[in-house]
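Protein chains in written order, with this note's numbering: chain A, 22 to 366; chain B, 22 to 366; chain C, 22 to 366; chain D, 22 to 366.
Glycine included, C-beta positions come from ideal geometry on N, C-alpha and C.
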């Protein structure tokens, strides 16, 4: 931590700050210039609230030197984390595509979708059984029966399953049916839930909160890593800005920024990022071009009849286009889309 | 709902939209102008996703006519909701002050604070036993023993208790000790938690999410109201913006806006809103001036030693100043600060 | 400037950074800890782009130690700047109210308004003759004839005049008629215009840009101060956020923040801040309560017929209420509303 | 315009609204449902301020039906606007690359850069002679001598010239030397400047303002189009959000959104969008992938010595990589990078 004293700070103030830093367990290096004194506070104190020092008399600014997270950091682990799920390796050279409906609605719907996305080259089936909905009057998901339907459809079509858990009480149940557990954007700072993920032997798909900075997002990953679960996948899905034309503003710059700061894989969800069907394909292309390790895309066999997020779900033929275009972009950036369709292509 | 067709929309497109609206159960009024056709879709469908219509061919814009919430709305209930807690009436003429430390840290700390804030005129003791912390390495609260300490300190000093519940599993426990249950900003869209509040016979203090629009905040209130708990208190505590000088940007305009839209009481938390001690008093004055029904303020007997949020906690003598100044402002707006200090003044 | 090296930075990288800093003219203090080296770069380089150092190998973070502005800073000038305009002293104990229509529309309109706001206690007449309008099809102002009408109406009613100049070519003309020259939010970073203000012997009323940080706002003030014009008044008028219920989000926290950083007076414009008439009075009260040195308020004798911003303009009787309530709040914070109405009260 | 009356609005209120709409020249269609009355106001009133109606008693919401711009709209002109500059066609199948330094600094610097970017396949030379700088102490550009150097370097290397004009007084001068006149983000709402562009026989390169919505950006384009200059090129360059890791947040969703709303070409400037050199290439790839009609990129022969924006300027060999990768991406989306390098490839 670096403490910049005000130019007019007197000796007593400087010493008071040094005392206080020592009291918190920091070693202090003092450097006095013509106009200003700068104090370097050495010592690793994850979670230290620097405002403790900012409020002291004579202090102008305080900067944290070390990142507030440890296990999530590239300085902790230089090489990329890869997650081996047998059929699919996440975080490696392949770009992995997760696709499926917003919500599981029926056996027929999830089977049709699973078959279609598998045929087009997706390797993981997405779909919600417990849905966080902003209205209490909206469809809230089928619960366990939805999980069962999704598992069966995935198995029949050679797919893995990613689905969301919304509360601690559901974790065990979801882990029974899912290969990857999704933590939604609204729960990115639900710390009770994050802490419990250490007890579950499943990779975690952690969406960025709607107004989370990249640092806060990595701090939430740190919760999971510190709990003992080292298999975390990040997913950018749009942030809240002043622009009303799109549901959110997809922050594609976040991909190279995050990849420099952390060793964890980073996906992009263009469906939630833009919120309207006919903009999903160009943003999926851009996500692959910018370097994402994977995509999560909403696809529905009949979007007009979908019980949730139909308007941002792709028709099956649109998803086929998306896969074809993503495959071509992936080649340009020296990668390939995971999965059998590519193998046979 | 109002559907604006594009100026070039043809008859087939218009009829397709009308059919689709009928299919969703809406009656449709059609109004054709020289350049454009406008369709009025009548029927109450809370939670209807208007993007179902936006994606149809020939549709230019779709506007929802009715608010997405019902029980939270002033059109549902014209008169202000008041919450009678015996010693304190919330939402009436009095401005109610909740004060106390960020976290309960020890018996002595909470007792000293309770005595001090009671003497200064607060009527409700705040303090956290379960703390949502962005770092897994920060102090996470004392849990049940903290609740006990707070209850005892409040009782000894004639105060009520407000404290946060972070997960469904803690609700019963927290309700045992607290008079009001706080739902924090990070949990404003934790729908599992919101739904459970109907089962608890305690008023709910619902903080605005960091990036929640006023409409989303009222939708979260609707979850609680729809679950059967009609005693909801809203609290503005700052929103996330691009400005880095303050922890958040306190949105005081939200107070008159919310009071026009809903019958529920609205508080302001200037401590979290601004995040630094010496700005709390002017913003508390402004909050009372703008029409807030109450304040929530962080106070600590020794902020420098606080385990959380010390830098934004007031010293006791600063809190006394805050109360004195707020009392004077309250009089100007035709109100008074609740509590014995005022009575004897 | 403080440069934090990465924990793995080697000696060659550290020396390359030191060389580069020396090359820019900085003295460098080096402090090597167990894990990390921190470099303190001493030397005043206003406008230095710290990204020059951030891009070097082995650099983790770079922090600017000194503020980028000089004349605008409280460390340059400790005591408050006051601006003496004869009848009115800005930045002193009085809270100064500027009121009038958005645009000057006719002799009768401006005379009626001037008489009404003067009677209610305003001391400065506001009104636009050159209007920045987001649509090229909207009323663009009366130009010089508007300036003449406003000057005459102000003189007849004992008021001073504040009005906006939109371009360098109009500065001389506006200065002929106005006592204070307003620079609008959209021109806060029109540097050609700011630089010319040094040539004009008039105080400058500098509105905060819609998405300007407080630091950028003070940098724009620095342009004017550095050009030789030391009489700058700042005005908060709302920033752009994600919240759609109000035209902008009035950032009242900015008032105490700015007053700590600079010696310049700070006003608040609640009319633009909130954008809808019936919210203006509560926010004006809050602005006085938070410590503003003055208010700028839109008033129109017949808002329904106003050619611009009618919906946010107060009726005359509403403005009288605003003045009465502001007077009462001002007393609580140890100030008074400037002007004759107060004197006789 | 559509006016939604409150559910409790009475007949007198409804009639008052109708009268007022008629007074503004609108024809009114009335549609009364069980709970609510909806009024359709027909008539084209560009620039009409809908708050005139919102403030009336009994009005719940008012929606504008038509876009506030006309000439900028796809409904006014269905086919894409192309701008033929002889060597280069903007807005057609080719993706056009503008490259060069932030500022022109010397003859040698601009000549070296021009030669390098031309060799790599750029067709237009960018560079600033008049620079908008947030600090009055930063390098402000070489003025006319910079324009001369840039023109000469461009001519020697077969390039066109794009450069910024910051004020009305410079327009004639800039037009003498430039093929395209850039209007910077800070001047996007400098209406005096926009209006003058009709008098200049040069295409306009209009950057999006830092906090401008897409609608406001198109309104600024409308100013230029309405002034008689029909050759406008839009450029996305990042918007201001809460995320501090990047200088701005590049809004790539804006590209497909804008292309649906307008017929004008849309470029992307990844250098300003992300602000740090090693993130520029991935975002340039993403911009071509998402469908941009061109790129504007900062390149410097010696970025470490650049007088402005060096840290976001590419080294020449990085720019060569960018071109190679962009070419490959362009092919995937059925386009090609304009220029001789491609022709000979």
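query: Would you give the residue range spanned by the alpha helix (DSSP H) that residue 42 (chain B) belongs to?; result: 32-44
query: Less than 7 Å between CB atoms is the rule here; does residue 148 (chain D) satisfy it with respect to chain C?; result: no
query: With 7 Å as the threshold, decide whether the Cβ of residue 306 (chain D) is near any Cβ in chain A.; result: yes
query: Just verifying my parser: in three-state terms, what is the DSSP assignment at residue 73 (chain B)?; result: helix
query: Out of curiosity, what's the CA-to-CA distance linking residue 43 (chain B) and residue 263 (chain C)?; result: 34 Å
query: Starting from residue 279 (chain D), trace the alpha helix (DSSP H) in both directions and tell me its first and last residue.; result: 275-282
query: Taking three-plus beta-carbon pairs below 8 Å as touching, is the stretch 85-95 of chain C in contact with the stretch 346-353 of chain D?; result: no
query: As an exercise, report each continuous beta strand (DSSP E) stretch of at least 3 residues that is fully enclosed by the stretch 283-366 of chain D, in chain order.; result: 287-289 and 315-319
query: Any C-beta of chain A sitting closer than 7 Å to the C-beta of residue 36 (chain D)?; result: no
query: Looking only at C-alpha atoms, which of A:220, A:219 and A:233 sits nearest to residue 207 (chain B)?; result: A:233
query: Would you say residue 95 (chain C) lies against chain B (beta-carbon separation less than 7 Å)?; result: no
query: Rounded to the nearest angstrom, what separates residue 176 (chain B) and residue 307 (chain B) at their Cα positions?; result: 31 Å
query: Name the chain C residues whose beta carbon is nearer than 9 Å to that of residue 254 (chain D)?; result: The premise fails here: residue 254 (chain D) is roughly 19 Å from chain C at the closest Cβ pair, so nothing lies under 9 Å.
query: Between the alpha carbons of residue 141 (chain A) and residue 293 (chain A), how many angstroms are there, rounded?; result: 21 Å
query: Can you pull out the residues from the stretch 257-279 of chain D whose beta carbon lies closer than 8 Å to at least one beta carbon of chain B?; result: 261, 262, 263 and 265
query: Rounded to the nearest angstrom, what separates residue 17 (chain A) and residue 61 (chain A) at their Cα positions?; result: Chain A is shown only over 22 to 366; residue 17 (chain A) falls outside these bounds and no answer can be derived.
query: Would you mind giving the Cβ-Cβ distance between residue 304 (chain A) and residue 273 (chain D), rounded to the nearest angstrom? I have them listed as a contact below 8 Å.; result: 7 Å
query: So residue 244 (chain D) contacts chain C; which residues on that side make the cut at Cβ distance below 7 Å?; result: 157
query: If we count the other Cβ atoms within 10 Å of its Cβ and call it buried at 16 or more, is residue 238 (chain D) buried or exposed?; result: buried
query: Residue ranges of each beta strand (DSSP E) run of no fewer than 3 residues wholly in the stretch 196-242 of chain B, ordered along the chain?; result: 201-204 and 225-228
query: What is the residue span of the beta strand (DSSP E) that residue 107 (chain B) lies within?; result: It is not in any beta strand (DSSP E) - residue 107 (chain B) carries neither H nor E in the DSSP assignment.
query: Any residues in the stretch 211-235 of chain A with a beta carbon nearer than 7 Å to a beta carbon of chain D? Which ones, in chain order?; result: 232, 234 and 235
query: Decide yes or no for the touch test of the stretch 185-197 of chain A against the stretch 192-199 of chain B: beta carbon pairs closer than 8 Å, at least 3 of them.; result: no
query: Under 7 Å, CB to CB, which of the residues in the stretch 310-338 of chain A have a partner in chain D?; result: 310, 311 and 312
query: Examine chain B for any beta-carbon lying closer than 7 Å to the beta-carbon of residue 50 (chain D), and answer yes or no.; result: yes
query: Excluding the five sequence neighbours on either side, which residues of its own chain have a C-beta within less than 8 Å of the C-beta of residue 35 (chain C), listed in chain order?; result: 26, 51, 58, 60 and 79
query: Can you tell me the Cα-Cα spacing of residue 329 (chain B) and residue 73 (chain A), whole angstroms?; result: 10 Å
query: Using the beta-carbon count (16 or more within 10 Å), is residue 137 (chain A) buried or exposed?; result: buried
query: Taking 7 Å as the threshold (beta carbon to beta carbon), is residue 63 (chain D) in contact with chain C?; result: no
query: Give me the residue from D:213, D:106, D:204 and D:143 with the minimum Cα distance to residue 151 (chain D).; result: D:204
query: Strictly below 7 Å CB to CB, what residues from chain A border residue 286 (chain D)?; result: Residues of chain A passing the Cβ test: none, with the nearest at roughly 16 Å.
query: Indicate the three-state DSSP secondary structure (helix, strand or coil) for residue 149 (chain C) in the structure shown.; result: strand
query: Would a check of beta-carbon distances place residue 303 (chain D) closer than 7 Å to chain A?; result: yes
query: Does any residue of chain B have a CB that is nearer than 7 Å to the CB of residue 80 (chain D)?; result: no
query: Can you tell which of A:139, A:360 and A:104 has its C-alpha closest to the C-alpha of residue 337 (chain A)?; result: A:139
query: Please confirm whether residue 85 (chain D) has its beta-carbon closer than 7 Å to some beta-carbon of chain C.; result: no
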